[in-house]
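Undergrad: In terms of our numbering, the sequence shown opens at residue 182 and continues consecutively.
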Amino acid sequence: ASDTQEPGTGGVITHLVVSPEGYGHALTLADAIALAPSRSRIEVRPGRYTDPLVIDKPLEIVGSGTPGHVLVETATGECLRVRSAPVFVRGLTLRCNADPQHLGLAAVAVESGHLTLDECWVESETLDAVAIETSEAGALIRDCSITSAHGAGIRSAGSHNLQVADCEIAGCGLEGLSL
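1. Can you list, in chain order, the stretches of the beta strand (DSSP E) that have 3 or more residues and sit fully within the stretch 233 to 293?
2. Return the CA-CA distance between Gly-249 and Leu-261, expressed in angstroms with no decimal places.
3. With DSSP run on the structure shown, which of helix, strand or coil describes Ala-213?
4. So, helix, strand or coil for Asp-324, using DSSP?
5. Please state whether DSSP places Leu-363 in a helix, a strand or coil.
6. Which residues in the same chain as Gly-191 place their Cβ atom closer than 6 Å to its Cβ, once the five residues preceding and following it in sequence are excluded?
7. When you compare each of Glu-202, Glu-300 and Ala-333 to Gly-228 by their alpha carbons, which one comes out closest?
8. In the DSSP assignment, what residue or residues form a beta bridge with Thr-297?
9. So, with DSSP's three-state summary, where would you put Ser-200?
10. So is Glu-349 buried or exposed if we call it buried at 16+ other beta carbons inside 10 Å?
11. By how many angstroms is the C-alpha of Thr-195 removed from the C-alpha of Val-289?
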């Protein structure tokens, strides 16, 4: 891991690289998240990552290349669950594949905290593509492509802290945006 100085705060940010081919600090994104201290930046090299991701600390996760080159794909759980603030994710494809036992899941779930999802593709064969689960959770979703086979593209459980900008929401079994 390399450390850099955060401008204006005197804090140190750790920069980690994850690569399924072994050219980084971790082979899996889940391992990189576990390894990373709070406020770290994780650069995700192109490849396929299959572990469900749970983020419970402030992190920045940035894919190298276009979203199609960095794929987080799960069949038994959410691709991403956020339990902290702030969490920033950019440049990933997050795909939750259909599994009849897990139809109630979303590809991306914000349980608490705040998620910024930027320039991502979110695809769900389960219920919703993105779910803001509580009124205390929030998200800024911008420049994303969101599709959901069975439910809403984005579902919010009464959050007053949801912003959606310049997104394409299509192919949803229900509404594109459910508030």
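Cβ coordinates follow ideal geometry from the N, Cα and C atoms, glycine included.
Predicted model, so just to flag it, every value in this text is computed and none were measured.
TA: This is what the structure gives:
1. Counting whole runs of 3 or more residues, the stretch 233 to 293 contains the beta strand (DSSP E) stretches 234 to 236, 240 to 244, 251 to 255, 261 to 271 and 274 to 277.
2. The residue you call residue 249 lines up with position 68 of the sequence shown. The residue you call residue 261 lines up with position 80 of the sequence shown. Each residue's alpha carbon lies about 17 Å from the other.
3. For the purposes of this step, residue 213 is identified with residue 32 of the sequence shown, where counting begins at 1. Assignment of Ala-213 by DSSP, reduced to helix, strand and coil, places it in the helix class.
4. Position 143 of the sequence shown, counted from the first residue, corresponds to residue 324. The three-state secondary structure of Asp-324, taken from DSSP, is coil.
5. Residue 363 lies beyond the range of the chain shown here (182 to 360); nothing can be said about it.
6. Taking the first residue of the sequence shown as position 1, residue 191 is located at position 10. Note that Gly-191 has pLDDT 45, beneath the 50 cutoff, so the model's placement of it is unreliable and the number below is only indicative. Shown here for Gly-191: not one same chain residue has a beta carbon closer than 6 Å to its own, the five before and five after excluded.
7. In the sequence shown, residue 228 corresponds to position 47, counting from 1. Answer by Cα proximity: Glu-202.
8. Taking the sequence shown and counting its residues from 1, the one referred to as residue 297 is at position 116. Answer is Phe-269 and Leu-321.
9. For the purposes of this step, residue 200 is identified with residue 19 of the sequence shown, where counting begins at 1. Coil.
10. In the sequence shown, counting from the first residue as 1, residue 349 sits at position 168. By the neighbour-count definition (other C-beta atoms within 10 Å, threshold 16), Glu-349 is an exposed residue.
11. In the sequence shown, counting from the first residue as 1, residue 289 sits at position 108. In the sequence shown, counting from the first residue as 1, residue 195 sits at position 14. Each residue's CA atom was taken as its position, placing Val-289 and Thr-195 some 25 Å apart.
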